[in-house]
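Using the numbering used here, the final residue of the sequence shown is 137, and nothing's skipped along the way.
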Amino acid sequence: MIIKVGDSASYTRTIGEEEVALYAKITGDSNSVHLDEEYARNTIFKGRIAHGMLVSGLISTVLGTILPGLGTIYLSQSLKFLAPVRLGDTVTATVRVVEINREKKRARLETVCTNQLGKEVVAGEAVVKNDQVEFS
Numbered sequence: 002m003i004i005k006v007g008d009s010a011s012y013t014r015t016i017g018e019e020e021v022a023l024y025a026k027i028t029g030d031s032n033s034v035h036l037d038e039e040y041a042r043n044t045i046f047k048g049r050i051a052h053g054m055l056v057s058g059l060i061s062t063v064l065g066t067i068l069p070g071l072g073t074i075y076l077s078q079s080l081k082f083l084a085p086v087r088l089g090d091t092v093t094a095t096v097r098v099v100e101i102n103r104e105k106k107r108a109r110l111e112t113v114c115t116n117q118l119g120k121e122v123v124a125g126e127a128v129v130k131n132d133q134v135e136f137s
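This is the structure we're talking about:
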């Protein structure tokens with residue numbers, strides 16, 4: 002696979018009750034804004050929301066399985082949480098190559114998650130290394 006500046010890839014998933022419950026169980030993040038509707042109704046969100054890091058994890062799916070794909074090592078990730086993701090929202094994580102360092106076999110990528118309305122919910126930047134692909 003040859004990867005060049007401008008290449009992009011996406012992964013889409015609906016975030017529901019099961020995803021939020023499993024994420025809370027695996028990580029231990031049992032914040033009531035994610036798990037308790039009555040509590041969450043009285044917050045600024047006016048209802049339950051998905052964990053921000055659960056949503057951001059979709060970026061990792063793209064990087065590790067699609068672009069650059071197999072062999073990718075995450076070196077860094079910056080994130081801005083721009084809007085809540087509600088249970089039932091469909092989120093698309095998209096990465097776009099913005100810079101390549103051929104010698105180090107690294108790429109810097111723009112990372113964005115949008116909901117089913119096209120609204121950005123998470124934005125950031127990742128740096129990855131991959132010795133198994135060709136950076137052009």
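We put the beta carbon where it would ideally sit given N, CA and C, even for glycine.
Spatial distance of K37 from R49 (CA atoms): As a working mapping, residue 37 is identified with position 36 in the sequence shown. As a working mapping, residue 49 is identified with position 48 in the sequence shown. Strictly speaking, residue 37 in this sequence is Asp, with Lys absent from that position. Each residue's alpha carbon lies about 7 Å from the other.
C-beta atoms of V123 and S77 nearer than 8 Å: For the purposes of this step, residue 123 is taken as the residue at position 122 of the sequence shown. For the purposes of this step, residue 77 is taken as the residue at position 76 of the sequence shown. Not closer than 8 Å, so no.
Sequence-distant residues of the same chain with beta carbon closer than 8 Å to K81, five excluded per side: What you label residue 81 is simply residue 80 of the sequence shown in a count that begins at 1. Hits under 8 Å: V123, A124 and G125.
Expected contact under 8 Å - CB spacing of L68 and V92 to nearest Å: Reading the sequence shown from its first residue, position 67 is the one you call residue 68. Reading the sequence shown from its first residue, position 91 is the one you call residue 92. Wrong, their Cβ atoms sit about 17 Å apart, outside the cutoff.
CA-to-CA distance, L23 to E135, given in whole angstroms: Taking the first residue of the sequence shown as position 1, residue 135 is located at position 134. Taking the first residue of the sequence shown as position 1, residue 23 is located at position 22. Each residue's Cα considered, the two are about 36 Å apart.
Delimiting residues of the alpha helix (DSSP H) encompassing E104: As a working note, residue 104 is residue 103 in the sequence shown. Run containing E104: none; DSSP gives neither H nor E here.
Proximity winner among E121, C114, T115 and R107, relative to I3 (alpha-carbon distances): Counting from one through the sequence shown, the residue named residue 3 turns up at place 2. Residue R107 is the option with its Cα nearest to I3.
Complete alpha helix (DSSP H) runs within the segment 42 to 115 (minimum length 4 residues, chain order): 53 to 66
Straight-line gap, L64 to S33 (C-alpha atoms, nearest Å): By one-based count along the sequence shown, residue 64 stands at place 63. By one-based count along the sequence shown, residue 33 stands at place 32. Cα to Cα, L64 sits roughly 30 Å from S33.
Reduced DSSP secondary structure (H/G/I, E/B, other) of V123: For the purposes of this step, residue 123 is taken as the residue at position 122 of the sequence shown. In this structure, V123 counts as strand in the three-state DSSP scheme.
Neighbourhood of V6 by C-beta distance below 8 Å, restricted to the same chain and skipping five residues each side: Here residue 6 refers to the residue found at position 5 of the sequence shown. Only V98, V99, E100 and I101 meet the Cβ criterion.
Sequence-distant residues of the same chain with beta carbon closer than 7 Å to Q133, five excluded per side: Position 132 of the sequence shown holds residue 133. Once the five neighbours on either side are set aside, the close Cβ partners of Q133 are L71 and G72.
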